[in-house]
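Visitor: Numbered according to full-length UniProt numbering, the sequence shown spans residues 1 to 468. Sharing a structure here in structure tokens format.
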Amino acid sequence: MSSPRTVIRGGLVVTASDEVHADVLVEEGRIAAVAASDSSAARSWTDAEVIDATGKYVIPGGVDAHTHMELPFGGTFASDTFETGTRAAAWGGTTTIVDFAVQSVGQSLRAGLDAWHAKADGRCAVDYGFHMIVSDVTDPVLKEMDILVEEGVTSFKLFMAYPGVFYSDDGRILRAMQRASGNGGLIMMHAENGIAIDVLVQQALAAGKTDPRYHGEVRHALLEAEATHRAIQLARVAGAPLYVVHVSAEQAVAELAAARDMDLPVFGETCPQYLFLSTDNLAEPDFEGAKYVCSTPLRPSEHQAALWRALRTNDLQVVSTDHCPFCFAGQKELGRGDFSKIPNGLPGVENRMDLLHQAVVDGHLTRRRWIEIACAAPARMFGLYPRKGTLAPGADADVVIYDPHAEQVVSARTHHMNVDYSAYEGRRLTGRVETVLSRGVTVVDRGEYTGRAGHGHYVPRGLSSYLA
Ligand code: DUC
Ligand code: ZN
Ligand code: ZN
């Protein structure tokens, strides 16, 4: 299983910056050296356990910077615990997650963060960090933000959506941004105009439009673009950087691109569901569309070209999953007859690395860009680089041996997420995770799980490298 010294021989080492036939030496949980396979240095590594990677890619473990294990939402909880969700992450080649601790209204940030530590502590299969969802911006909470940054919770998510739950008005958003501009934190924004959306929700329901597909219609693309624009202007006024989460609408991408053309420190992520799924899925009959209800919503497939382009041009920097699974039976079904009661979220933490590799096969991305958006950029964005996100001496030995030729069919019957459906059921993918090391310990060994709950450590994060 684990060994003080391991050498991964004969693979194509792919990082965000290089592709080289090289051997990787792992010592005491870290990358000790990377050397060309035919070099005398690599040949000298003789007293080590060998993992043969001939014909495979050797890549950094994935960094999924947006997950919601056990998130309370709409009267229920996301169905993956930290134990099941991080195990599924390992199966899918993701060795670090950054999950969202939640401050409820009236609570301190500390109380919310402590609750999330209690859920995760001793249960994770891979390493994890936390962002903080700020639902109640008050004077004491602003002061707490400074303390959290010092402790390694260096990013804060605010919501322009979900009035009455997570929502912050523009004044509260501005104050949190001003604080972040002083303490080095990064504001992450759920950019949808929730006040306007709630009006459209009530109008749709009153008109008898109750099916899941109306979730997509009322959460209009222009209300994502409007909120994105507003968030950017508020960040400019505050002198703060901004990271917009789960960007799905072409018009929102245009707002980000325009801001970046002005050299503003504005960043964005999208998620596999927006790249591979569409409103066609939301319109699936017999309430099956509920499986695809998330916010921001899936968009008509015409939006996908803009997302792929933005990933290539670096107008979007990161692909995270927003993994937030709810079972169809008993959870998604809460919204039969009223789409607004369908818990929002999709499973995906296990699928991200493979789906993005398929994007390489399909010609949307280069191999190095795959590693950039799935490993290196999220690590840099959230203060984990170069410990995570790359294969370089000194980095944690979070390594995936990836078979680029293996064929697989995605299915809930074979996945490891604790959810009764797959959003990608029946999809054929080329490429598959073969072996996964987390800090030098083999947690997936050629299709067998060898990890354990509690192996994963909490990782305090530094400030974003994008702001240095
Ligand atoms: N969007 C989701 O789809 N689920 C959880 C929260 C969010 O913003
Ligand atoms: Zn969100
Ligand atoms: Zn989310």
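Every residue gets a Cβ at the ideal spot worked out from N, C-alpha and C, and that includes glycine. Keep in mind it's a predicted model, so treat the numbers as computed, not measured.
(1) From the DSSP output, read off the bridge partner residues of residue 389.
(2) Taking all protein chains shown into account, decide if residue 157 is buried (16 or more other Cβ within 10 angstroms of its Cβ) or exposed.
(3) What are the partner residues of residue 326, as DSSP defines its beta bridges?
(4) Going along the chain, which unbroken runs of the alpha helix (DSSP H) with 4 or more residues stay wholly within the region 330-362?
(5) Is residue 238 closer than 7 Å to residue 188 when the C-beta atoms are compared?
(6) Quick check: the Cα distance between residue 36 and residue 124, rounded to an integer number of angstroms?
(7) Going by DSSP, name the residue or residues bridged to residue 196.
(8) Can you give me the Cβ contacts of residue 198 inside the same chain, cut-off strictly under 8 Å, excluding the 5 residues immediately before and after it?
(9) Between 431, 65 and 456, which has its C-alpha nearest residue 360's C-alpha?
(10) Consult DSSP for residue 255 and reduce its assignment to one of helix, strand or coil.
(11) Which runs of the beta strand (DSSP E) spanning at least 3 residues fall entirely within the region 146-213, listed in chain order?
(12) Using 7 Å as the threshold, is the C-beta distance between residue 196 and residue 223 below it?
(13) What residue does the beta strand (DSSP E) around residue 60 start on, and which one ends it?
(14) Looking only at its chain, what residues have a beta carbon closer than 7 Å to the beta carbon of residue 47, apart from the 5 residues adjacent to it on each side?
(15) Measure the CB-CB distance between residue 102 and residue 131 and report whether it falls below 7 Å.
(16) I'd like to check one pair, residue 90 with residue 376: are the Cβ atoms closer than 7 Å?
(17) Does DSSP put residue 432 in a helix, a strand or coil?
(18) Please report how far the alpha carbon of residue 34 lies from the alpha carbon of residue 20, in whole angstroms.
(19) Less than 6 Å between C-beta atoms, sequence neighbours within five positions excluded: which residues of the same chain meet that for residue 384?
(20) Since residue 279 contacts residue 367 with CB under 8 Å, what's their CB separation in whole angstroms?
(21) Quick check for students: name the residue ranges of the alpha helix (DSSP H) that lie wholly in the region 95-126, counting only runs of 4 or more.
(22) Between 289, 307, 281 and 314, which has its C-alpha nearest residue 469's C-alpha?
(23) Taking residue 229 as part of the beta strand (DSSP E), name the residues at either end of that continuous run.
(24) Does ligand 2 have even one heavy atom less than 6 Å from the beta-carbon of residue 68?
(25) Rounded to whole angstroms, what is the Cα-Cα separation between residue 457 and residue 128?
(26) CA-CA distance, residue 74 and residue 346?
(27) Expressed to the nearest angstrom, what Euclidean distance is found between the alpha-carbon atoms of residue 251 and residue 234?
Guide: Reading off the structure:
(1) The residue labelled residue 389 in the question sits at position 389 within the sequence shown. According to DSSP, residue 389 bridges with nothing at all.
(2) Within the sequence shown, numbered from 1, the residue matching residue 157 stands at position 157. With 16 or more neighbouring CB atoms inside 10 Å of its own CB, residue 157 falls in the buried class.
(3) Start at 1 with the first residue of the sequence shown, and residue 326 comes out as number 326. DSSP lists no partner for residue 326.
(4) The region 330-362 is shown to contain whole alpha helix (DSSP H) runs of 4 or more residues at 352-361, in chain order.
(5) Taking the first residue of the sequence shown as 1, we reach residue 188 at position 188. Taking the first residue of the sequence shown as 1, we reach residue 238 at position 238. No, Cβ-Cβ distance for residue 188 and residue 238 is not below 7 Å.
(6) As a position in the sequence shown, residue 36 is number 36, starting the count at 1. As a position in the sequence shown, residue 124 is number 124, starting the count at 1. In a straight line, the C-alpha of residue 36 is about 34 Å away from that of residue 124.
(7) On the sequence shown, position 196 is the one that residue 196 refers to. Its beta-bridge partners do not exist; DSSP assigns none.
(8) Taking the first residue of the sequence shown as position 1, residue 198 is located at position 198. Short of 8 Å from the beta carbon of residue 198, and not among the five residues preceding or following it, lie these beta carbons of its own chain, in chain order: 163.
(9) Reading the sequence shown from its first residue, position 360 is the one you call residue 360. Ranked by Cα distance from residue 360, the options 431, 65 and 456 are led by 431.
(10) Counted from its first residue, the sequence shown places residue 255 at position 255. In the structure shown, residue 255 sits in a helix (DSSP, three-state: H, G or I).
(11) Fully enclosed beta strand (DSSP E) runs of no fewer than 3 residues occupy 155-159 and 186-190 of the region 146-213, in order along the chain.
(12) Stepping through the sequence shown from its first residue, residue 196 is reached at position 196. Stepping through the sequence shown from its first residue, residue 223 is reached at position 223. The beta carbons of residue 196 and residue 223 sit closer together than 7 Å.
(13) As a working mapping, residue 60 is identified with position 60 in the sequence shown. Segment 57-60, the beta strand (DSSP E) holding residue 60.
(14) The count along the sequence shown starts at 1 and reaches residue 47 at position 47. Excluding residues within five positions, the ones whose Cβ falls inside 7 Å are 5.
(15) Counting from one through the sequence shown, the residue named residue 102 turns up at place 102. Counting from one through the sequence shown, the residue named residue 131 turns up at place 131. It is not a contact, given that the beta carbons lie outside the stated cut-off.
(16) Mapped onto the sequence shown, residue 376 falls at position 376. Mapped onto the sequence shown, residue 90 falls at position 90. Taking 7 Å as the Cβ cut-off, residue 376 and residue 90 do not qualify as a contacting pair.
(17) For this step, residue 432 is matched to residue 432 along the sequence shown. Reduced to three states, the DSSP call for residue 432 is strand.
(18) As a first step, residue 34 must be located in the sequence shown, where it is residue number 34. As a first step, residue 20 must be located in the sequence shown, where it is residue number 20. Spanning the alpha carbons of residue 34 and residue 20 requires a straight line of approximately 10 Å.
(19) Working through the sequence shown from its first residue, we reach residue 384 at position 384. Excluding residues within five positions, the ones whose Cβ falls inside 6 Å are 461.
(20) As a first step, residue 279 must be located in the sequence shown, where it is residue number 279. As a first step, residue 367 must be located in the sequence shown, where it is residue number 367. Residue 279 to residue 367, Cβ: 31 Å. No contact.
(21) Here the runs fully enclosed are 109-120.
(22) Nothing can be reported for residue 469: it is not among the residues displayed for the chain, which extend from 1 to 468.
(23) Within the sequence shown, numbered from 1, the residue matching residue 229 stands at position 229. First-last for residue 229: 221-238, but that is the alpha helix (DSSP H), not the beta strand (DSSP E).
(24) If you number the sequence shown from 1, residue 68 lands on position 68. Flag unset: Cβ of residue 68 not near ligand 2.
(25) Against the sequence shown, residue 457 aligns to sequence position 457. Against the sequence shown, residue 128 aligns to sequence position 128. Approximately 6 Å, taken between the alpha carbons.
(26) Here the question's residue 74 lines up with position 74 in the sequence shown. Here the question's residue 346 lines up with position 346 in the sequence shown. If I take the Cα positions, the gap works out to 14 Å.
(27) What you label residue 251 is simply residue 251 of the sequence shown in a count that begins at 1. What you label residue 234 is simply residue 234 of the sequence shown in a count that begins at 1. Residue 234 has its alpha-carbon roughly 18 Å from the corresponding atom of residue 251.
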